Each structure stands twice: as structure tokens, then as C-alpha cells.
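There are 2 protein chains.
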Amino acid sequence: VTLPVTFDDVVAAAQRIEAVVSRTPVLRSSFLDREIGAEIFFKCENLQKVGAFKARGAANAVLSLSPSRAAAGVVTHSSGNHGQAVAYAATIRSIPAWVVMPHDANAVKVAAVAGYGATIVRCDRSRRQAEAERIVADTGATLIHPYDDRNVIAGQGTAALELLTDVADLDILVAPVGGGGLLSGTAITAAEMAPRAEVIGAEPAAADDAYRSLTGGVRLPAVEYPQTLADGLLTGLGEITFAILRRLGASVITVGEEQIVDAAITFLTRMKIVVEPSAATVLAAMRTEPGRFKGKRVGVIVSGGNTDLSWLPE
Amino acid sequence: VTLPVTFDDVVAAAQRIEAVVSRTPVLRSSFLDREIGAEIFFKCENLQKVGAFKARGAANAVLSLSPSRAAAGVVTHSSGNHGQAVAYAATIRSIPAWVVMPHDANAVKVAAVAGYGATIVRCDRSRRQAEAERIVADTGATLIHPYDDRNVIAGQGTAALELLTDVADLDILVAPVGGGGLLSGTAITAAEMAPRAEVIGAEPAAADDAYRSLTGGVRLPAVEYPQTLADGLLTGLGEITFAILRRLGASVITVGEEQIVDAAITFLTRMKIVVEPSAATVLAAMRTEPGRFKGKRVGVIVSGGNTDLSWLPE
């Protein structure tokens, strides 16, 4: 049975986006190696273009468009990292981009998207999808889904491709899971390059639909109004991402809010890198179930660094 | 005329310390490239062991000791990054280390040094040097000077060695200057690997003795009680470092305190890395005299990331 996205798609994505994304460094921390009792390799996508792995998937999707499709531009209704990533990717091909953002969107995020020259369309939070569809209808632009899109998934898989190229013999790969684009891309890559490695998603306990979906075998909707600092992990798994994760046997560790903040502080003070709460879940997961990591070689995808640091204690 | 430290010393240091320091990544920022109008390559020594380039010099000095000298241990009276670096380097050879720290030393720094298993000797701030000398007399341990030491300078030069290996054709190298260990090591390496490159030190205006020393040609003492956030750059140039910098024609750009904070914030928010105020001076320098950098390929040594972030605005 073939998967909707294959390792060949990931390899093709890597070649397609090579010139427009950063080959991010893999950092170590002897402090955390000692604490967890493992050899941990941190793939730092917080140091990626636009501050998150999302640049990979968006760039692959935009660069995969035919010239005529591309000319009409691209649209997204994500106001987070994917919004910035689509705006960035559009600049690569010098095509128009529309980013639909709610009236109450964070001013820093609005400014970041505007900085890439995208057209920002403001609307009520509940109207975002409808507004994006209206733009597609009016302009012929292509909607780039933040995760349930084959090109986006293949693009996200390139982070693990680089990590597994740089670091051999990993026993476990860990990545945050929200919609599942990063985790499913990681699973596809691992299945080929490190077939014995376990693939684990890190998810806030307050938004644990991926955990429940993969445990129960039925795709569940996102938790409504989740109270979590991990604002990049609020959505539920997509149809495609769920199918991939289920087929490849990925599991999920859920983490508490206090553990997320503690992990983000450890990244800042010990590793000297800025990690957003959604990305800090990976360390929180290792601390939550240390027995699964002890003595192992662990590859961790630090997914992004876009945060206003408001979680920092005095 | 031969210099007190040669490029061969730097190459030997690189081989000596290779296994115990990190090969730190070189990061880019398209935001800062656009702002300065230059191609900037950031050598991230904030991601180095102990959070600063100081690990290089201390490791080289400690690994250069004969077995019998080493067995008696090492001493320093630096309570900053060099103190941590000496404590770390001692662990490599499993030898004793004494770090003299004033009664009013920062608790975080004391804990960090203690974490490496060094013996901490507390005393009044004014008694630090005398106390270190007493330990040397009592124990036969070797004092590792923070900058005016040939092995330390050669070790610090390995950061530029890696940078110039990774990035060809740099027109300018910039590094912070306090005692001058990093800047003189950088100048020695540049003189061999990029002989046409300009070498520029970044120094707080409030502690501008290196600027005045190199401009006037006479080594001046450190500014007394300097009011600057750049707590790693308070000391004056050493005899050896001054001689090297003068011979190799290094210059200095002085920067204001507000510029230092602004630069540290830019590193945090745009590049997602934690940079201590002393290290932020390099970006402040480029912003202070942008005309010297425009159109150039610039290598910048981001010297360290050990900070409590107390300079961060609300």
C-alpha cells in the first residue's frame, strides 16, 4: 500500500527548496544529555527562515505550482508561522500573496507578514476560511493548506532528511504535533532513512486530540478553546496526516503547561536559543516520559522560535 | 619581526581542543543583511561550551600543561565566562580547579562554576588577585590568565579559524574587545587566512580604553568603574594583546549602551539566539558606522550568551 506522500517526494522537495531555506544547525547540550541520560541532537528549525520549519512546506508548495497557477498568487488564512511562510515563499517567485488575519491578530505577526509584502486581509476570526475562499474565487489564487497538503508534508519532511543525513543511527525522532504536517513528514523520512527508529509526537495535554486520535485509531476533531501556550499546536490532525501517522505507527506524548514553560526556559538559559512554547514541547515530552529516552540516540526537531517571551517569569 | 603568538599556534590549538569544544554554527540573517547592506556571517560562540568563546582559550591553556604541572591544578580569579571556562577545562583533564570569586558575585555564575566541580574561594572583590596568588603559592597550581597568555590567545584564534574555513573572502572581521584575547587571536588568524581583511574591535564607549590605546599607540589602563552592561569587556588590553593588535593594525568602534541593548534585542527577536550584552556590541558597531560595512562580506564573532536577560524591556 503506498502512502499519499513518499520518501521520493521528500527528496524532490529538498532539491526544490534547497536554495531558499537554511540548512539549520544540529546543536547538542551536554547538560540535557546528562539530565535525560541520552544523546540528544537538536535540529534547530527556530533558526530557519521565518523562524520556523513552516518555511520548508510553504516553499515546496509554492515552488511546485505551474507558472500559470503561480502567477495568480497564493492565499492562506493562517495567522501564525504558516502565514509568514506563505508570504515568504511568494516573494521567492515574486507572486502575490494574501494572508487572511483576524482583527484581533497579534500586531507583531501582522507586521512580520506585511514585511514580506503580502496583502493582509482582516476579518472576524470566525470568517477566516470563508474570506480565504472568497479570495480564491475572486482571484484564482491557490490556497496553501497549513498541513493537509502533500507538498507541504513533503517539504516539512526535509528537516528530518537533513537531520538523518547529519546524524546516523538515531533510535528516536521527536517533533511537535498539531495538524501533523511536521510529524508525518518526519515519519515518512524516518521510515526510509532510519526504519527502526521510533517516531514520537509531542503535544500539549490541553490539546491532546492527536494523542487520542492515534491511540483510538479514529481521527478526532481539535479540542475546542484549548488553554495552552503552544499556539502553533491548536489544530486537529488532517485526513492525510492522520493516515500517514497511523500507518507508520507514530505515538504521542502529552505534556503539561508548566513543563512547556520550564522547557522553553531551559532552551533559553542553557542552550542560548529562543524556542516558542509549541517547540518546547519536545523537551517537555522527554522529561515527561524519561524512561523511553534513556540510553537512546534521540533526534529532536525544535520547530520554531517565534514568541514574544511573555511566558518568561520576572 | 615575529609576533608573540603565531598562526601555527592557532592551528595547533585547534587540533588540541577539537574534541572538547563545539564547532559552532555560522548563522545568517537576511533581515540584518538588508539593514546593514552587507553579507554578514555570524560565528555563534554563544552556542559554544560554557556559553562563550572562552572555552577555547581555557581548554588550550589547560591541555598545553605538562602532566606534572596539570596534576597540581589550575586557578583563576575571573568570576565571568573565563572562570566557567577554566572550571570546564579542568574537568577535561580531571584536575583540580580553584576559582576565586568575590562575595558579591552573581549567584547564577557561582552555581555554574560549582556545577563543573571547581573549588570556589570567596573573598572581597579587591582581594581577588592576591587570593589567587596565595592559592598558587600554597598548591603549585597554574594561574590561567583570562587574556594575556599565549595559549589563551591562540585558543581564542580558533573561532576565526573555523569561520574563515567555512566562509571564504571575508572583507572584515568584527569581534568584541575587552582584554583583547579574542580580538588578537582573530587578528592573527585573519593575517594568515584573509590577509586583506580589516579587523575591527567592538567596545563600549563607557570602557573605551582599547579604542584610545590603539588610536594613540600607548597602552592605557582600563576605565575605572565603567558604567556598561557589557560586563565581559571591563578590563584593559594586556601587554601581549596590545602588541599584537597594534602590529596587525586592528581598529576599534565604540558603541553606546542603548545601541548594545537594541542589538541584543535584535539577536533575540530576529535571529532567535541569546546574546549577552558584551557580544551584542558587534552588531551595535555595524549600526554605529554602517559606511564601513556597506557592500562588504563581514564575519562577526558573537562572543557569548551568558546573560540573565535583565536588560530586556517589559
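If you read the protein sequences in the order shown, they are chains A and B.
Note that the first sequence ends on residue 314 in our numbering; no numbers are left out.
Note that the second sequence ends on residue 628 in our numbering; no numbers are left out.
Backbone N, C-alpha and C define an ideal beta-carbon position, used for all residues, glycine too.
Here the structure is a predicted model, which means the values were calculated and not measured.
Beta-bridge pairing of residue i - partner residues as DSSP gives them
| i | result |
| --- | --- |
| Trp412/B | Val389/B, Thr433/B |
| Phe356/B | Leu341/B, Val614/B |
| Ile587/B | Ile273/A |
| Thr139/A | Bridge partners of Thr139/A: none, in fact. |
| Glu203/A | Thr254/A |
| Ala52/A | Gly304/A |
Three-way DSSP call (helix, strand, coil) for residue i in this model
| i | result |
| --- | --- |
| Val466/B | helix |
| Glu198/A | strand |
| Arg606/B | helix |
| Ile36/A | helix |
| Val252/A | strand |
| Val261/A | helix |
| Ile244/A | helix |
| Val174/A | strand |
| Ala19/A | coil |
| Ala105/A | coil |
| Ala326/B | helix |
| Ala168/A | coil |
| Ala544/B | coil |
| His459/B | coil |
| Arg533/B | coil |
When the options are compared against residue i, the one with the closest alpha-carbon
| i | options | result |
| --- | --- | --- |
| Ala112/A | Ser68/A, Glu257/A, Glu198/A, Gly51/A | Gly51/A |
| Arg315/A | Gly217/A, Leu245/A, Gln15/A | Since the displayed chain A opens at 1 and closes at 314, residue 315/A lies outside it and no answer follows. |
| Phe345/B | Lys49/A, Gly37/A, Pro176/A | Lys49/A |
| Phe76/A | Leu182/A, Asn106/A, Leu143/A | First, the amino acid is wrong: residue 76/A is Thr here, not Phe. The shortest C-alpha separation from Thr76/A is found at Leu143/A. |
| Pro313/A | Arg150/A, Gly180/A, Gly291/A, Asp262/A | Asp262/A |
| Arg287/A | Thr266/A, Glu45/A, Ala72/A, Thr307/A | Thr266/A |
| Arg348/B | Pro604/B, Ala504/B, Asp622/B, Thr500/B | Pro604/B |
| Asn620/B | Val335/B, Glu359/B, Asp452/B, Glu332/B | Glu359/B |
| Arg247/A | Thr215/A, Leu234/A, Ile260/A, Thr165/A | Thr215/A |
| Val21/A | Thr472/B, Ser343/B, Ala557/B | Ser343/B |
| Leu229/A | Glu258/A, Ala105/A, Ala61/A | Glu258/A |
| Lys272/A | Ala327/B, Leu361/B, Ala333/B | Leu361/B |
| Asp483/B | Ile331/B, Val414/B, Gly609/B | Gly609/B |
| Arg317/A | Gly429/B, Arg584/B, Ala505/B, Ala474/B | No answer is possible for residue 317/A: the residues shown for chain A start at 1 and end at 314. |
| Asn106/A | Arg93/A, Thr91/A, Arg122/A | Arg122/A |
| Ser79/A | Arg212/A, Asp124/A, Arg93/A, Arg56/A | Asp124/A |
| Ala190/A | Val218/A, Ala159/A, Ala132/A, Tyr211/A | Ala159/A |
| Ser66/A | Lys43/A, Thr2/A, Arg93/A, Ala85/A | Arg93/A |
| His396/B | Thr479/B, Glu506/B, Gly495/B | Gly495/B |
| Ala194/A | Thr165/A, Tyr211/A, Arg69/A | Thr165/A |
Proximity below 8 angstroms, CB of residue i to CB of residue j
| i | j | result |
| --- | --- | --- |
| Val468/B | Val319/B | Note on residue identity: the sequence assigns Ala, not Val, to residue 468/B. Yes, the Cβ-Cβ distance between Ala468/B and Val319/B is below 8 angstroms. |
| Ala432/B | Ala401/B | yes |
| Pro540/B | Ala520/B | yes |
| Phe41/A | Val167/A | yes |
| Ser592/B | Thr555/B | no |
| Ala516/B | Val596/B | yes |
| Ile615/B | Phe321/B | no |
| Tyr147/A | Gly238/A | yes |
| Ala209/A | Leu220/A | The question names Ala, but residue 209/A in the sequence shown is Asp. Taking 8 angstroms as the Cβ cut-off, Asp209/A and Leu220/A qualify as a contacting pair. |
| Val274/A | Val340/B | no |
| Ile567/B | Ile486/B | no |
| Asp622/B | Val422/B | yes |
| Ile188/A | Val10/A | yes |
| Gly387/B | Ala411/B | yes |
| Gly471/B | Ala327/B | yes |
| Arg128/A | Pro102/A | yes |
| Ala132/A | Val100/A | yes |
| Gly613/B | Leu475/B | no |
| Asp548/B | Gly618/B | For the record, residue 548/B in the displayed sequence is Leu; it is not Asp. It is not a contact, given that the beta carbons lie outside the stated cut-off. |
Given a limit of 7 angstroms on CB to CB distance, which residues of the segment 264–290 of chain A reach chain B?
-> Leu268, Lys272, Ile273, Val274
Residues of the segment 489–515 of chain B with a CB closer than 9 angstroms to any CB of chain A: list them in chain order, please.
-> none
Determine which residues of the segment 8–33 of chain A have a Cβ less than 8 angstroms from any Cβ of chain B, and write them out in chain order.
-> Ser22, Pro25, Leu27, Arg28, Ser30
Residues, ordered as in the chain, of the segment 609–622 of chain B that lie near chain A by beta-carbon distance below 7 angstroms | Gly619
Please list the residues of the segment 363–388 of chain B that have a C-beta atom closer than 9 angstroms to any C-beta atom in chain A, keeping them in chain order.
-> Lys363, Gly365
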